[in-house]
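J.:
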Amino acid sequence: MRRLLTVTLTGMAAVPFAGPAVAAEMSVKVEIPRLNVAEYHRPYVSMWIERADQSPAATLAVWYDVKHKDGEGTKWLKDMRQWWRKAGRDMQMPADGISGATRAAGEHTLTFTDAKAPLGKLPAGDYQLVVEAAREVGGRELLRVPFAWPPKAAASAKAKGEHELGGVSVDLKP
Amino acid sequence: MKTFATKLPVRAAVLALAALMPLAAHAHRQWLLPSATVLSGSDPWVTVDAAVSNDLFYFEHVPLRLDNLAVTAPDGAAAKVENASTGRYRSTFDVHLTQPGTYKVAMVSHGLFASYKVDGQAKRWRGSAEAFAKEVPAGAQDLQVTQADSRLEAFVTAGKPTAKVLQTTGRGLELAPVTHPNDLVAGDAASFRLLLDGKPAGNVKVAVVPGGIRYRDQLQEMSFTTDADGKFSVKWPAPGMYWMEAEVRDDKVAIKEAKTRRASYAATVEVLPQ
Chain A
82 MRRLLTVTLT GMAAVPFAGP AVAAEMSVKV EIPRLNVAEY HRPYVSMWIE
132 RADQSPAATL AVWYDVKHKD GEGTKWLKDM RQWWRKAGRD MQMPADGISG
182 ATRAAGEHTL TFTDAKAPLG KLPAGDYQLV VEAAREVGGR ELLRVPFAWP
232 PKAAASAKAK GEHELGGVSV DLKP
Chain B
-8 MKTFATKLPV RAAVLALAAL MPLAAHAHRQ WLLPSATVLS GSDPWVTVDA
42 AVSNDLFYFE HVPLRLDNLA VTAPDGAAAK VENASTGRYR STFDVHLTQP
92 GTYKVAMVSH GLFASYKVDG QAKRWRGSAE AFAKEVPAGA QDLQVTQADS
142 RLEAFVTAGK PTAKVLQTTG RGLELAPVTH PNDLVAGDAA SFRLLLDGKP
192 AGNVKVAVVP GGIRYRDQLQ EMSFTTDADG KFSVKWPAPG MYWMEAEVRD
242 DKVAIKEAKT RRASYAATVE VLPQ
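Written out as structure tokens, the structure is:
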């Protein structure tokens, strides 16, 4: 599953800044593909930031069956097995500002702000955004999108999934 | 303890022997197979199968008796074994993982095996060192006694892995994991230490066999030898359930009538994909 992905990183000309200083932002767009299968359940999805050594820096979002009675939806969190091993098993679910309900097929965009939860203050360096999806009675897929933080200029990078995930892109704004 | 020849039906006797015999002394493998080893959620359970068979992990010979079963909870207390039953080919039981952390499922036996003749008739006996003097006739002919210390283990973790149940007892052949046994990933290497009576067991051969034998032509057994510190390291070629086994023979016996001791250890570990 750790395939090498085609990654495009486009630096855009920095626009001269006039107004008050704004915190850097990262927006993450995740596409959940529409699948034509006999039994479909929305995937569990986790997204987190990994340091250059692949250790977890921050979990940004976890979409799972939060409403299931008696917290039974947490039973399948371990199916996002890399997130579970690296970060999930150290966390309590539900987690404020991180966990939420599973999402329907389509594109979903989340925006994170420098120095604010759940992104927090990342030391300057190279990172990867990791998105892992696991679907009940279906498959699992994990994508990595590299980026440098903090961004000096607007930049974007993306990766493309093959079965459980569609496109995943990261857009950075200084 | 009973004298098999007279008190137990033959099949049960075979079963009892199989459950206590040193692992490499015969072709069959003893194993525990947990339904899962890495669990999340608020109310996790595991079901464990226990059997003696040739192929891993298929039930095709005899069940493993649950007499010596002990499950240890993450806090070190004994955990409850539920819904235990023994069928023709396997035993099975459930463990409700009520605490977060790592549980150990273990079958441990310290026993003596004796064969001898009374009035020309062959007898076989198994039991504890204490029972030996009482139950085996003092003047038995052709007396042969072997001591067998065996340990069979599996580990399961709810949530974050913990280390308390990995503490060793200092008796027999034991595994002292360096890498947590519920934190194994294909492509990565994991290290373990073998201890014999609490001391590093150096120069011991360890066999590691992946499950799923029925559907392949070659055993794919990996063989390792522990270093002076008892350490060995396994790089997992693929995800799946693996069976690890080692045996030591020495003369550290509990009673003078026994000539040799066989100390054996076997464990089932699960290796997850990346």
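Residue numbers (the numbering used here), protein chains in the order written: chain A, 82 to 255; chain B, -8 to 265.
Where is the CB? At the ideal position from N, CA and C, for every residue including glycine.
All of these numbers come straight from a predicted model, not from anything done at the bench.
1) Determine the chain D residues that contact B:Gly163 at a beta-carbon separation under 8 Å, and present them in chain order.
2) Quick test of the definition: if touching needs 3 or more C-beta pairs under 8 Å, does the region 31 to 41 of chain B touch the region 64 to 84 of chain B?
3) Which of helix, strand or coil does DSSP assign to B:Leu55?
4) Output the residue ranges of the beta strand (DSSP E) runs that lie fully inside the region 160 to 245 of chain B and measure 3 residues or longer, sorted by chain position.
5) Can you check DSSP and say which residues form a bridge with B:Phe84?
6) Secondary structure at B:Gln265, three-state DSSP: helix, strand or coil?
7) Can you tell me where the beta strand (DSSP E) holding A:Glu213 begins and where it ends?
8) Whose CA, out of B:Phe223, B:Leu23, B:Leu47, B:Ala27, lies closest to the CA of B:Asn173?
9) Starting from B:Lys125, trace the alpha helix (DSSP H) in both directions and tell me its first and last residue.
10) For B:Ser44, collect the residues of the same chain with a Cβ closer than 7 Å to its Cβ; drop the 5 residues on either side in sequence, then sort them by chain order.
11) What did DSSP end up calling A:Glu245 once you bin it into helix, strand or coil?
12) What are the partner residues of B:Ser100, as DSSP defines its beta bridges?
13) Buried or exposed for B:Pro13, going by 16 or more other Cβ atoms inside 10 Å?
14) Of the residues that make up the region 162 to 173 of chain A, which ones have a beta carbon closer than 9 Å to any beta carbon in chain B?
15) State the DSSP-derived secondary structure class of B:Gln132, mapped to helix, strand or coil.
16) Note down, in chain order, each residue of its chain lying with its Cβ closer than 6 Å to the Cβ of B:Asp220, except the 5 sequence neighbours on either side.
17) Does the region 135 to 144 of chain A come into contact with the region 170 to 181 of chain A, if we say contact requires no fewer than three beta-carbon pairs (one atom in each stretch) closer than 8 Å?
18) Name the DSSP beta bridge partners of A:Val226, please?
19) Mind listing the chain B neighbours of A:Leu158? Cutoff is C-beta to C-beta under 9 Å, in chain order.
20) Just checking: is the beta-carbon of B:Gly231 within a distance shorter than 8 Å of some beta-carbon in chain A?
21) Could you tell me the boundaries of the alpha helix (DSSP H) in which A:Lys167 lies?
22) Check whether the region 52 to 62 of chain B and the region 92 to 101 of chain B are in contact - that is, three or more C-beta pairs closer than 8 Å.
23) Can you check whether the CB of A:Ala235 is closer than 8 Å to the CB of A:Asp160?
24) When you compare only the Cα positions, how much space is there between A:Leu86 and A:His189?
25) What residues in its chain sit with their C-beta under 6 Å from that of B:Ala16, if we drop five residues either side in the sequence?
26) Quick one: what does DSSP say B:Gly67 is sitting in, helix, strand or coil?
27) Return the bridge partner residues of B:Ser76 from the DSSP annotation.
28) Any beta carbon from chain A within less than 8 Å of B:Gly189's own beta carbon?
29) Taking C-beta pairs closer than 9 Å, name the residues in chain A that B:Lys151 reaches, listed in chain order.
30) Is A:Ala133 buried or exposed, if buried means 16 or more other CB atoms sit within 10 Å of its CB?
31) Who are the near neighbours of A:Tyr208 in its chain, counting only those whose CB is closer than 8 Å to its CB and skipping five residues on each side?
32) Of the choices B:Leu30, B:Thr148, B:Leu263, B:Tyr256, whose alpha-carbon is the least far from that of B:Trp22?
33) What's the C-alpha gap between B:Leu143 and A:Gly242?
34) Out of B:Gln90, B:Pro35, B:Asp140, B:Asp46, which has the shortest C-alpha to C-alpha gap to B:Trp234?
35) Out of A:Ala105, A:Ala104, A:Lys110, state which residue places its alpha-carbon closest to the alpha-carbon of A:Ala238.
36) Along the chain, where does the beta strand (DSSP E) that runs through A:Tyr125 open and close?
T.: With the given structure in hand:
1) Absence of chain D from the displayed structure is noted, the protein chains being A and B.
2) yes
3) Position 64 of the second sequence holds residue 55 of chain B. Here B:Leu55 sits in coil by DSSP.
4) 164 to 168, 180 to 187, 196 to 201, 213 to 216, 222 to 226, 231 to 241
5) Looking up residue 84 of chain B in the second sequence gives position 93. B:Val39.
6) Walking along the second sequence from the start, residue 265 of chain B turns up at place 274. Coil at B:Gln265, not helix or strand.
7) As a first step, residue 213 of chain A must be located in the first sequence, where it is residue number 132. Its beta strand (DSSP E) spans residues 206 to 215.
8) Translated into the one-based positions of the second sequence, residue 173 of chain B becomes position 182. Comparing Cα-Cα distances from B:Asn173 to each of B:Phe223, B:Leu23, B:Leu47, B:Ala27, the minimum goes to B:Ala27.
9) Within the second sequence, residue 125 of chain B is the residue found at index 134, counting from 1. Taken as a continuous stretch (DSSP letters only), the alpha helix (DSSP H) holding B:Lys125 covers 120 to 126.
10) Numbered from 1 along the second sequence, position 53 holds the residue referred to as residue 44 of chain B. Once the five neighbours on either side are set aside, the close Cβ partners of B:Ser44 are His19, Arg20, Phe50, Glu51, His52.
11) Here residue 245 of chain A is taken as the residue at index 164 of the first sequence, counted from 1. In the structure shown, A:Glu245 sits in coil (DSSP, three-state: anything other than H, G, I, E or B).
12) Numbered from 1 along the second sequence, position 109 holds the residue referred to as residue 100 of chain B. Answer by DSSP bridge pairing, in chain order: B:Ser141.
13) Residue 13 of chain B sits at position 22 when you count from the first residue of the second sequence. Reliability of the predicted coordinates at B:Pro13 is poor, the pLDDT of 44 falling under 50, and the value obtained from them is presented with this limitation in mind. Classification for B:Pro13: buried.
14) Arg162, Gln163, Trp165, Arg166, Gly169, Arg170, Asp171
15) Indexing the second sequence from 1 puts residue 132 of chain B at position 141. Strand, per DSSP.
16) The sequence position of residue 220 of chain B within the second sequence is 229, counting from 1. Hits under 6 Å: Pro191.
17) yes
18) Here residue 226 of chain A refers to the residue found at position 145 of the first sequence. BP columns for A:Val226 point to A:Leu210.
19) Reading the first sequence from its first residue, position 77 is the one you call residue 158 of chain A. Within 9 Å Cβ-Cβ: Ser31, Gly32.
20) Along the second sequence, one-based indexing puts residue 231 of chain B at 240. False, the Cβ-Cβ gap to chain A never drops below 8 Å.
21) In the first sequence, the residue the question calls residue 167 of chain A occupies position 86. Note, A:Lys167: alpha helix (DSSP H), 162 to 167.
22) yes
23) As a position in the first sequence, residue 160 of chain A is number 79, starting the count at 1. As a position in the first sequence, residue 235 of chain A is number 154, starting the count at 1. Their beta carbons are not under 8 Å apart, which means A:Asp160 does not touch A:Ala235 by this criterion.
24) By one-based count along the first sequence, residue 86 of chain A stands at place 5. By one-based count along the first sequence, residue 189 of chain A stands at place 108. With a pLDDT of 47 at A:Leu86, under the threshold of 50, the predicted position of this residue should be treated as unreliable, though the coordinate-derived value follows. Distance between the alpha carbons of A:Leu86 and A:His189: 21 Å.
25) The residue you call residue 16 of chain B lines up with position 25 of the second sequence. Low confidence applies to B:Ala16: its pLDDT is 46, below 50, so where it sits in the model is not reliable enough to give any reading.
26) Locating residue 67 of chain B in the second sequence gives position 76, where the first residue counts as 1. Residue state, collapsed to three classes: coil.
27) Along the second sequence, read from residue 1 onward, the residue named residue 76 of chain B stands at position 85. Its beta-bridge partners are B:Thr83.
28) Residue mapping note: residue 189 of chain B aligns to position 198 of the second sequence, counting from 1. False, the Cβ-Cβ gap to chain A never drops below 8 Å.
29) What you label residue 151 of chain B is simply residue 160 of the second sequence in a count that begins at 1. Those are Arg170, Asp171, listed as they occur along chain A.
30) By one-based count along the first sequence, residue 133 of chain A stands at place 52. Burial call: exposed.
31) Residue 208 of chain A sits at position 127 when you count from the first residue of the first sequence. Counting only Cβ-Cβ distances below 8 Å, and skipping sequence neighbours, we find Ile130, Glu131, Arg132, Ala133, Ala138, Pro227, Phe228, Ala229, Trp230.
32) Your numbering for residue 22 of chain B matches position 31 in the second sequence. The shortest Cα separation from B:Trp22 among B:Leu30, B:Thr148, B:Leu263, B:Tyr256 belongs to B:Tyr256.
33) Indexing the second sequence from 1 puts residue 143 of chain B at position 152. Indexing the first sequence from 1 puts residue 242 of chain A at position 161. Spanning the two alpha carbons is a distance of roughly 42 Å.
34) Sequence index remark: in the second sequence, residue 234 of chain B carries index 243 (1-based). If we check each option's Cα against that of B:Trp234, B:Asp46 comes out closest.
35) The count along the first sequence starts at 1 and reaches residue 238 of chain A at position 157. Comparing Cα positions, the closest option is A:Lys110.
36) Translated into positions along the first sequence, residue 125 of chain A becomes position 44. It spans 125 to 132 - the beta strand (DSSP E) in which A:Tyr125 sits, taken as one unbroken run.
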